[in-house]
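Asks: Questions regarding the structure given below will be posed in turn.
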Ligand SMILES: [Zn+2]
Ligand SMILES: [Zn+2]
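The following block contains the structure:
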């Protein structure tokens with residue numbers, strides 16, 4: 012099959028891929044339909060690694076994706092041939108201490124599609140266990156189904172934030188995840204949601220998606236609150252300064268949820284600032300079993316995922332999608348790679 016390989020940082024190649032999973036009796040064959048480009052894909056593209064996950068050999072990226080079941084055995088599992096499905100990219104081991112405790116998102120043995128060295132979905136066919144598949148309702152297109160994965164990330168972050176009714180919330184970072192967190196925070200009863208984002212076009216979209224105010228920098232948001240700060244702050248940037256900015260706009264005794272992956276795999280916090288405020292800081296890692304909720308939110312039009320899918324490419328042109336997202340040009344939020352038209 013045709014696949015897009017990342018050979019090294021910034022180097023893509025379209026090539027032939029023979030997946031050993033094609034012979035697995037445990038997996039169903041899917042014709043990949045849409046793959047959306049994630050900030051984490053961009054880290055592999057820019058740096059060739061995310062921490063200890065390093066691209067040592069050609070890697071296939073893509074973990075936000077949908078496919079059409081292309082396997083007669085699908086019917087046995089409730090997915091007749093031709094069914095459009097979203098695919099959960101994570102296969103936790105199911106038997107380690109953390110899986111047993113209900114934290115499969117923290118499983119150290121997880122196989123995660125598109126996270127080196129496990130191959131992702133930027134290819135014609137993908138083989139998945141039936142337990143990883145979620146049938147989407149009529150009316151969903153392939154991109155909607157792929158975007159359930161980043162929406163799941165936003166839902167998990169909001170679950171961790173435990174926002175009290177009427178609380179003031181800030182979102183630092185107005186990219187795809189930030190814009191989804193903004194929408195979900197409103198649904199769980201935040202009194203107001205404010206977005207800090209340096210790019211004007213992203214601030215404009217945040218306003219359209221329901222932000223009460225938008226700010227080019229943290230100082231501007233702090234000013235709005237007469238220096239008090241916000242009750243809950245969710246950070247979703249790729250910047251090493253994002254976590255510091257999030258702590259800056261949090262109130263005394265406030266809560267900060269860090270969702271983003273910083274360039275360079277490290278960040279710095281000013282200890283006196285976070286210590287004197289007595290902040291509760293929590294790292295958000297991927298997601299739990301959230302697909303059914305993500306599907307409901309989109310099906311019932313409570314979250315607009317289409318608004319973040321701004322650009323569309325074929326697999327052949329996918330490298331352009333990465334270049335576009337790296338430079339944040341042409342008003343891009345998220346690119347969709349379409350494997351079929
Ligand atoms: Zn992602
Ligand atoms: Zn496990």
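Residue numbers (the working numbering): 12 to 352.
The beta carbon of each residue, even a glycine, is placed where N, CA and C say it ideally should be.
Can you check DSSP and say which residues form a bridge with residue 145?
Replies: 97, per the DSSP bridge assignment.
Asks: Less than 8 Å between the C-beta atoms of residue 241 and residue 217, yes or no?
Replies: Not closer than 8 Å, so no.
Asks: Rank 206, 236, 159 by C-alpha distance to the C-alpha of residue 226 and give the top, closest one.
Replies: Comparing Cα-Cα distances from residue 226 to each of 206, 236, 159, the minimum goes to 206.
Asks: Just tell me which of 307, 90, 12 has its CA closest to the CA of residue 31.
Replies: Minimum Cα distance to residue 31 is reached at 12.
Asks: Could you tell me whether the region 320 to 331 touches the region 340 to 349, where touching means 3 or more Cβ pairs closer than 8 Å?
Replies: Yes: the two stretches touch, three or more of their Cβ pairs being nearer than 8 Å.
Asks: So which of 297, 70, 147, 142 has the shortest CA-CA distance to residue 15?
Replies: Measuring from the Cα of residue 15, the nearest candidate turns out to be 70.
Asks: Between which two residues does the alpha helix (DSSP H) holding residue 375 run?
Replies: The first residue shown for the chain is 12 and the last is 352, placing residue 375 beyond what the model contains.
Asks: Could you tell me the alpha carbon to alpha carbon distance between residue 53 and residue 305, rounded to whole angstroms?
Replies: Going by the C-alpha atoms only, they are around 24 Å apart.
Asks: Measure the C-alpha to C-alpha separation of residue 333 and residue 244 and round it to an integer number of angstroms.
Replies: One C-alpha to the other measures close to 28 Å.
Asks: Under a three-way DSSP split, which group does residue 173 fall into?
Replies: Of the three classes helix, strand and coil, the one that applies to residue 173 here is coil, per DSSP.
Asks: Going by beta-carbon coordinates alone, are residue 131 and residue 276 separated by less than 8 Å?
Replies: For residue 131 and residue 276, no; Cβs fall outside 8 Å.
Asks: Do residue 179 and residue 203 come within 8 Å of each other at the CB atom, strictly closer than that value?
Replies: Contact flag set, yes.
Asks: Can the beta-carbon of residue 41 be found closer than 8 Å to that of residue 80?
Replies: Yes, the pair counts as a contact, with Cβ atoms nearer than the cut-off.
Asks: Quick one: complete beta strand (DSSP E) runs, 3+ long, within the region 162 to 233?
Replies: You should have 179 to 183, 203 to 207, 224 to 226.
Asks: Can you find a heavy atom of ligand 1 that lies under 7 Å from the Cβ of residue 51?
Replies: Yes, the beta carbon of residue 51 sits closer than 7 Å to at least one heavy atom of ligand 1.
Asks: Would you list the one or two residues that DSSP bridges to residue 322?
Replies: Note: residue 322 sits in a beta bridge opposite 346.
Asks: Restricting to Cα atoms, I'd like to know which of 48, 28, 125 is closest to residue 186.
Replies: Of the listed residues, the one whose Cα sits closest to residue 186 is 48.
Asks: May I ask which residues mark the beginning and end of the alpha helix (DSSP H) holding residue 272?
Replies: Where residue 272 is concerned, there is no enclosing alpha helix (DSSP H), given that its DSSP letter is neither H nor E.
Asks: Let me know the secondary structure DSSP gives residue 317 once reduced to three states.
Replies: Note: residue 317 maps to helix in three-state DSSP.
Asks: At the level of alpha carbons, what is the spacing between residue 160 and residue 298?
Replies: Their backbone Cα atoms lie some 9 Å apart in a straight line.
Asks: Rounded to whole angstroms, what's the CA-CA distance from residue 45 to residue 282? Just pull it up for me.
Replies: If you take the alpha carbons of residue 45 and residue 282, they lie about 43 Å apart.
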